[in-house]
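Novice: Structure in structure tokens, see below.
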Amino acid sequence: MSAPTTTTELAYQRCLNAACGATYGVGETLFACPSCGDLLDVAYEWDRLPVPRSLRDFEAKWADRQDPLNFSGVWRFRELLPFAPPGMIVTIGEGQTLLQTADKVGQHVGMNPGCLKLQYEGMNPSGSFKDNGMTAAFTHARMVNARRVACASTGNTSAALAVYCSATPFGFKAIIFIGSGRIAYGKLSQALDHGALTIQIVGDFDDAMHRVQQVATRLNIYLMNSVNPFRLEGQKTIMYRVLEANGWEPPDWVVVPGGNLGNSSAFGKAFIELKHLGLIDRVPRLAVINAAGARTLNHLVCEHGLCWSDGVVDMELTKAYYGRLDQEKVKASTIASAIEINRPVNLKKCLRALNFCDGVVRQVSDQEIMDAKAWVGAGGLGCEPASAASVAGARKLREEGVIAPSDRVVCILTGHQLKDPTATVAYHGTDQENFEKVLGSRGVRRAGYANRPVIVPNELDDIIRTINLYSESASE
Ligand code: F0G
1323 MSAPTTTTEL
1333 AYQRCLNAAC
1343 GATYGVGETL
1353 FACPSCGDLL
1363 DVAYEWDRLP
1373 VPRSLRDFEA
1383 KWADRQDPLN
1393 FSGVWRFREL
1403 LPFAPPGMIV
1413 TIGEGQTLLQ
1423 TADKVGQHVG
1433 MNPGCLKLQY
1443 EGMNPSGSFK
1453 DNGMTAAFTH
1463 ARMVNARRVA
1473 CASTGNTSAA
1483 LAVYCSATPF
1493 GFKAIIFIGS
1503 GRIAYGKLSQ
1513 ALDHGALTIQ
1523 IVGDFDDAMH
1533 RVQQVATRLN
1543 IYLMNSVNPF
1553 RLEGQKTIMY
1563 RVLEANGWEP
1573 PDWVVVPGGN
1583 LGNSSAFGKA
1593 FIELKHLGLI
1603 DRVPRLAVIN
1613 AAGARTLNHL
1623 VCEHGLCWSD
1633 GVVDMELTKA
1643 YYGRLDQEKV
1653 KASTIASAIE
1663 INRPVNLKKC
1673 LRALNFCDGV
1683 VRQVSDQEIM
1693 DAKAWVGAGG
1703 LGCEPASAAS
1713 VAGARKLREE
1723 GVIAPSDRVV
1733 CILTGHQLKD
1743 PTATVAYHGT
1753 DQENFEKVLG
1763 SRGVRRAGYA
1773 NRPVIVPNEL
1783 DDIIRTINLY
1793 SESASE
């Protein structure tokens, strides 16, 4: 056991299980409570920490962007994740993201003008929100002198892990586990390009997750998945940046795709802490959106009423559901490969977030996801399929009347458009065979919002006629 770092005694790790509540120093490397096996949180002695009196106080950092900690969209909020001595922080300038008003997308969702905003996390160095968590977990890894770092991934975690290993000078070695054939090309290419040891196992993400946990324990390798509570500390800052970009005003809704449920858990923790610290007086409602082909959360919450219950979660329900999945050999299956996960490791923490944020859960089909992705592309910055689940989910909640047209809604676009060009080209392209192979096999029947490429003979007159025809019809 390594000793806690002196400057961080006011931070510690605490078991989520109310009946256990064991605590451990931040200098320990733990991915589950050694006493009861439950998830761990990073907790703080807030009363003894210098927390700003108002969120506006963070604006002072904007004037000093030469300091890498103020430049980072994660660490400029470091007083709200104070587990690391500043000299140990590992940052590559993550978190330069945008909150974009998207009226065209809002129209499809059914919102009034100005009411839908998209938080674009694809602008991170590795192209997804994962960098928010990686910078925090790598900082902790550095604090505990870890060198080999590993994750299981549907692609973005592995891309982020590989980037942090290659772009920092601390000698980190990346080992990633992926399910074979289950990862979008953009993400696989990142892992390979950045030099990660890439282990493809026969199986899916849930299998890879199980294995990486075994291997990390056996070989004493530092685990970078979101069971690592330090990851979630970094991901809290997505909400701080949403508030920052919104003039520190909480929106009415935050809508986020749900896979391993790290983001939703982190967002809930962010709001619990901000409320506790008196830094916000109103908490947004949280909507977590599953893909219908990976709907564990939706199933357990909406059909079985699974809830937080002050931390006494009925895990028998969950076990019985997983038992049925195994018995019937059901594997997660969705075009949104990033959230193709049936055993979300942060389930309990997500229930806590839903409880605190008066949250709701929904599932959306692959058809709804691909259509929403096309609207985002046409009226926003673009995103990968999993991210579009948030927009499809917002539309569903609008249709149900749960979200009002005048509500202020923020959908989180978790990953960059170029992460998964295969899905985009299959939707917009004219190759029917490719459509069937990539999307038809997932139950997508139509590409109702496709922007088809126009095939024209290599003749000037034909090209000019085509441009006139299409650009006129577009302006009508
Ligand atoms: N969106 C994208 C683009 C993702 O990559 C992921 C998760 C999620 C949403 C789901 O987020 O797990 O916090 O609920 N990707 C992980 C990975 C699992 O391995 O890259 P979550």
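Under this note's numbering, the first residue of the sequence shown is numbered 1323, with each subsequent residue one higher.
All C-beta atoms, glycine included, are put in the ideal place defined by N, C-alpha and C.
Quick one: using the 10 Å Cβ neighbour count with 16 as the cut-off for buried, is S1324 buried or exposed?
Specialist: With a pLDDT of 39 at S1324, under the threshold of 50, the modelled position of that residue is not reliable, and no figure is offered here.
Novice: Using a Cβ-Cβ cut-off of 6 Å (strictly less than) and excluding sequence neighbours within five positions of I1602, which residues of its own chain qualify?
Specialist: P1572 and L1596
Novice: Under 8 Å between the Cβ atoms of N1446 and E1416?
Specialist: Between N1446 and E1416, the CB-CB gap stays under 8 Å.
Novice: Tell me where the alpha helix (DSSP H) around Q1522 begins and ends.
Specialist: From DSSP, Q1522 is part of no alpha helix (DSSP H) but of the beta strand (DSSP E) over L1519 to I1523.
Novice: Relative to the C-alpha of P1435, which candidate in K1426, E1443, Y1442 and Q1441 has its C-alpha closest?
Specialist: K1426
Novice: For V1760, count neighbouring Cβ atoms within 10 angstroms of its own Cβ and tell me buried if that reaches 16, exposed if not.
Specialist: By the 10 Å Cβ count, V1760 comes out buried.
Novice: Could you tell me which residues DSSP puts in a beta bridge with K1439?
Specialist: T1423 and V1732
Novice: Shortest alpha-carbon distance to T1746 belongs to which of N1780, R1717, D1784 and V1698?
Specialist: V1698
Novice: Give the single residue among D1526, F1593, E1650 and R1730 whose Cα lies nearest to the Cα of F1678.
Specialist: F1593
Novice: Would DSSP call T1328 helix, strand or coil?
Specialist: Low confidence applies to T1328: its pLDDT is 38, below 50, so where it sits in the model is not reliable, and the reading given next is rough at best. DSSP places T1328 in helix when its eight states are reduced to three.
Novice: What is the rounded straight-line gap between the Cα of I1500 and the Cα of E1781?
Specialist: Rounded to whole angstroms, I1500 and E1781 show a C-alpha spacing of 47 Å.
Novice: L1565 by DSSP, collapsed to three states: which one?
Specialist: helix
Novice: On a CA-only basis, which of V1652, N1547, E1650 and A1658 is nearest P1579? Give me that one, please.
Specialist: Of the residues V1652, N1547, E1650 and A1658, the one whose Cα lies closest to the Cα of P1579 is A1658.
Novice: In this structure, does DSSP put I1594 in helix, strand or coil?
Specialist: The three-state reading of DSSP puts I1594 in helix, counting H, G and I together.
Novice: Looking at the secondary structure, which residues open and close the alpha helix (DSSP H) in which N1668 lies?
Specialist: Here N1668 belongs to no alpha helix (DSSP H), and DSSP marks it neither H nor E.
Novice: Counting pairs of beta carbons, one from the region 1627–1640 and one from the region 1607–1616, are three or more of them closer than 8 Å?
Specialist: no
Novice: Could you tell me which of M1433, Q1685, I1661 and D1369 sits nearest to L1622, measuring between CA atoms?
Specialist: Q1685
Novice: Okay, do the region 1520–1533 and the region 1655–1671 touch, 3+ Cβ pairs below 8 Å being the bar?
Specialist: yes
Novice: Can you say whether C1358 is buried or exposed, counting buried as having 16 or more other CB atoms within 10 angstroms of its CB?
Specialist: exposed
Novice: Within the region 1643–1711, note down every full alpha helix (DSSP H) run reaching 4 residues or more, in order along the chain.
Specialist: 1669–1678 and 1688–1701
Novice: Just reading off the alpha helix (DSSP H) that D1453 is part of, what are its end residues?
Specialist: K1452 to M1465
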